[in-house]
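Residue numbers (our numbering), protein chains in the order written: chain A, 1 to 246; chain B, 1001 to 1208.
Glycine is no exception: its CB is placed at the ideal position from the N, C-alpha and C atoms.
Take a look at the structure below.
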Amino acid sequence: MARPLDWQLATVAGVHDETDTVRSFSLTLPNWGGHRPGQHVDLRLTAEDGYSVERSYSIASEPERAPEVDITVERIPDGEVSPFLHDVVVPGDRVELRGPIGGYFVWDAAQPGPLLLVGGGSGVVPLMAMIRHRARVGAMNPTRLLLSSRGADEIIYREELDRMSATQDGFEVVHTLTRERPAGWNGYSRRIDEAMLSEVLEPLGREARVYICGPTALVESAANALVRIGLAPSQIRTERFGPTGS
Amino acid sequence: MTDRFVTRGFVGRRTAEGSGDVGSRIPPGQYITRDFPVLSAGPTPRTPLEQWTFSIQGLVKEPVSWSWQEFLALPAREWTVDISCVTKWTKLDMRWKGVSVDTLLEAVELDERAAFVIAWSDGGYTTNLPLADVLNGQAFVAYEYDGAPLVPEHGGPARLVVPARYFWKSAKWIRGIRLQAEDQPGFWESFGYHNRGDQWREERYSGD
């Protein structure tokens, strides 16, 4: 019988704003067995009368940060949990958590070779755990992140990504903006499509491992395009969130 | 009062649908969604219908296989069921059309050792269920959702639907079932998710 994933009380060690609507929370865990980049945790919030809700959040931090993990949460205006996390939770607060969860959408440096990461909006979060882990352990495998954001102000982890992209360790971030672009923007400025994926994949070659995370429409079109380009479906791992739009 | 840790400042957004008759239909830890979210581990497979078959293999006297046209000719019915995904959403009153697993199994003679079902799909996905959990109207293979052909993103052309289990047991892009004497963990069951996945017992992860 497997060991149950017990609930534990995480303490909020810090909060950090990534954008106007996206905030990261550093959580210190009393009983943490470690995680693999790409995994997520479940949070449980309980009111005085026992009313309780659970949500899943991807881990944003690298395993080497244990026993601390970061989650990055987008504030959904009509949501039940994310506005609470943004508006009420402060350092020192405690929340129930269990994990890590998920064993398929994971990558660590034990898997060498070129890596293509494709993210849309807050879909970058589990990919960031992979990127941070890769940098932390000094892996040099060619790695590119194609990140789609609505506007330049909405790029999550922008400074950190751009800084890591400048270190010449084989990691490069490629941005595309789908709604607003600032003056002088010389990155892509359209939704991710097959031509863009071909260009970003080119230096990595068709043997690259691919991880795609974002809204369903983005994940669906990116995964389909990569299969058309000639990658095997088994090379492509996906994680999706959000409705289909219908 | 609760014996769980109370989160400072958390009240929650109590909605009318969270209580009463509807509330009693929401398994523990779930919330209601009106959308139909899509979750899958890889690219969406697209098998042409002229190449599509559905087969029953394993511990049966004679394996059987249907073409798409033959499958559509099987006795089908409409089902309105509540669905819960392990990622926490529950969607009420989902309308499907499909063929009961009971109907499918009428086409074969089961070996008496058959005790488990492995559903397998295009793209290599598998999931395991005790035979007893898919009999007597508990499971069906759906090819329509909400009055329209099931789209590939949601598992079309056909998916298994097992309403009494978390939705990963409802294999998308199903192509057949295999009867076995022994249980065998499927895809997510091998990646830390619960072997049975009963949402009313909140069997999300291995060990729950």
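Near chain B, meaning a CB-to-CB distance below 7 Å, the residues of the stretch 213 to 226 of chain A are Thr216, Glu220, Ala223, Asn224. For Ala1119 of chain B, the uninterrupted beta strand (DSSP E) segment begins and ends at 1116 to 1121. With distances taken between CA atoms, Gly1042 of chain B lies nearest to B:Glu1153 out of B:Gly1192, B:Glu1153, B:Arg1165, B:Asn1128.
For Thr216 of chain A, the enclosing alpha helix (DSSP H) has its first and last residue at 216 to 229. Legend: CB atoms of the stretch 1118 to 1150 of chain B lying less than 8 Å from CB atoms of chain A belong to residues Gly1123, Gly1124. Here the alpha carbon of Thr21 of chain A sits roughly 5 Å from the alpha carbon of Arg75 of chain A. The alpha carbon of Val1162 of chain B has as its nearest neighbour, out of B:Glu1112, B:Gln1069, B:Val1134, the alpha carbon of B:Val1134. Of all C-beta pairs linking the stretch 136 to 143 of chain A to the stretch 231 to 239 of chain A, fewer than three are shorter than 8 Å, placing the two stretches out of contact. Rounded to the nearest angstrom, the Cβ distance from Arg1165 of chain B to Gly1197 of chain B is 5 Å, consistent with a contact under 8 Å. In the pairwise beta carbon analysis, the stretch 85 to 105 of chain A is classified as not touching the stretch 196 to 206 of chain A: fewer than three pairs are separated by under 8 Å. If you compare the alpha carbons of B:Arg1178, B:Ile1083, B:Asp1122, B:Pro1149 with that of Asn1128 of chain B, the shortest gap goes to B:Arg1178. At the C-beta level, Trp1168 of chain B and Ala1158 of chain B stay beyond 9 Å of one another.
Here the alpha carbon of Val81 of chain A sits roughly 53 Å from the alpha carbon of Glu1062 of chain B. The C-beta of Pro63 of chain A comes no closer than 9 Å to any C-beta of chain B. Residue pairing of His175 of chain A in beta bridges, as defined by DSSP: A:Leu147. Put simply, the CB of Arg1165 of chain B is far from chain A, with every gap to its CB atoms at 9 Å or more. Here Pro126 of chain A is buried. Its C-beta has 16 or more other C-beta atoms within 10 Å.
Rounded to whole angstroms, Ala1181 of chain B and Gly1058 of chain B show a C-alpha spacing of 9 Å. Near chain A, meaning a CB-to-CB distance below 8 Å, the residues of the stretch 1152 to 1180 of chain B are Glu1153, His1154.
For Trp1068 of chain B, the enclosing alpha helix (DSSP H) covers residues 1068 to 1072. Here Arg1095 of chain B has Glu1078, Trp1079, Thr1080, Tyr1145, Asp1146, Gly1147 as same chain residues with Cβ atoms under 8 Å from its own Cβ, once five neighbours each way along the sequence are excluded. Counting only Cβ-Cβ distances below 8 Å, Arg1014 of chain B has contacts in chain A at Tyr51, in chain order.
Contact between the stretch 156 to 164 of chain A and the stretch 187 to 196 of chain A is absent: fewer than three C-beta pairs spanning the two stretches fall below 8 Å. At a cut-off of 9 Å between beta-carbon atoms, Gly1098 of chain B makes no contact with chain A.
The Cβ atoms of Tyr1205 of chain B and Leu5 of chain A sit closer than 9 Å to each other. For Ala135 of chain A, the enclosing alpha helix (DSSP H) covers residues 124 to 137.
The beta carbon of Gly34 of chain A lies closer than 8 Å to those of Pro63, Ala66, Pro100 in the same chain, with the five residues before and after it left out.
Taking Tyr157 of chain A as the centre and dropping the five residues before and after it, the same chain places the C-beta of Met128 closer than 6 Å to its C-beta, in chain order. Taking C-beta atoms as the reference points, Val41 of chain A and Ser24 of chain A fail to come closer than 9 Å. Gly151 of chain A is positioned such that its CB atom lies closer than 9 Å to that of Glu180 of chain A.
One alpha carbon belongs to Val1022 of chain B, the other to Asp1035 of chain B, and they sit about 17 Å apart.
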